[in-house]
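According to this note's numbering, the sequence shown is numbered sequentially starting from 165.
Each residue gets a CB set at the ideal place from its N, CA and C atoms; glycine is no exception.
Report on the structure given below.
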Amino acid sequence: MSIQAKNATKAKPELAGIALRRSIVLVGLMGAGKTTIGKRLAHALGVSFVDSDHEIVEAAGCSISDIFAIYGEEIFRDLEQRVLLRLLEAPPCVLATGGGAFVNPAIREAIKQRALSVWLKAELEVLVERVSRRDTRPLLQAGDKREILSRLMQERHPLYAEADIVIDSTTGAHEAVVEQILTSVAQWQRDHG
Numbered sequence: 165m166s167i168q169a170k171n172a173t174k175a176k177p178e179l180a181g182i183a184l185r186r187s188i189v190l191v192g193l194m195g196a197g198k199t200t201i202g203k204r205l206a207h208a209l210g211v212s213f214v215d216s217d218h219e220i221v222e223a224a225g226c227s228i229s230d231i232f233a234i235y236g237e238e239i240f241r242d243l244e245q246r247v248l249l250r251l252l253e254a255p256p257c258v259l260a261t262g263g264g265a266f267v268n269p270a271i272r273e274a275i276k277q278r279a280l281s282v283w284l285k286a287e288l289e290v291l292v293e294r295v296s297r298r299d300t301r302p303l304l305q306a307g308d309k310r311e312i313l314s315r316l317m318q319e320r321h322p323l324y325a326e327a328d329i330v331i332d333s334t335t336g337a338h339e340a341v342v343e344q345i346l347t348s349v350a351q352w353q354r355d356h357g
């Protein structure tokens with residue numbers, strides 16, 4: 165069951181000091197703010213921030229674009245799974261995943277068992293604007309960004325909806341989104357012992 169936090173009240177200062185019992189895994193489409201929000205959230209919680217895409221690049225020794233171009237998406241997804249399963253064994257942190265990671269049933273199940281998932285959900289127009297700032301996303305290289313993101317939304321939103329917490333990251337300051345997450349995480353931890 166997800167906690168809708170679009171209109172969550174502002175986090176109380178003591179929430180920034182909540183003790184994480186599990187990692188917080190940020191999921192959602194590219195451009196939703198997983199890395200930007202994740203860094204700020206980790207800082208607020210006093211834990212490490214880990215970007216799974218960065219860890220994949222480190223493991224592969226080349227960029228994600230190169231992995232896609234040389235080896236294909238299937239090899240990338242296999243590497244992504246191995247890296248994420250390893251990261252989920254680490255002490256609690258804030259972990260930003262690639263947009264397609266949560267689509268993988270094995271990754272979704274591992275996150276469900278070992279972490280707390282937070283879907284950063286944003287509207288299509290906002291995603292298009294955000295991803296247009298950088299031209300490094302392999303899945304957007306082969307066509308119209310709006311069409312591709314719209315298709316990915318249709319395919320992935322039902323799976324992202326399985327996240328423990330849903331946060332609207334369409335508008336608002338980064339700090340406000342972090343406060344919504346802190347409030348929702350504190351509530352989730354109270355509800356789930």
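Taking C-beta atoms as the reference points, alanine 196 and leucine 288 fail to come closer than 9 Å. Around the beta carbon of threonine 335, fewer than 16 other beta carbons lie within 10 angstroms, which makes this residue exposed. By the Cβ criterion, the region 316-332 is not in contact with the region 225-238, since fewer than three pairs of Cβ atoms, one from each stretch, lie closer than 8 Å. Annotated three-state conformation of leucine 280 is strand, per DSSP. The count of Cβ pairs closer than 8 Å, one atom from the region 188-195 and one from the region 266-282, reaches three, so the stretches are in contact.
Per DSSP, the unbroken alpha helix (DSSP H) holding serine 216 starts and ends at 216-224. Using a 10 angstroms sphere on the CB of arginine 297, the tally of other CB atoms stays under 16, which defines it as exposed. According to the DSSP secondary-structure assignment, lysine 203 is paired through a beta bridge with no residue. Under DSSP, phenylalanine 213 forms a beta bridge with Val258.
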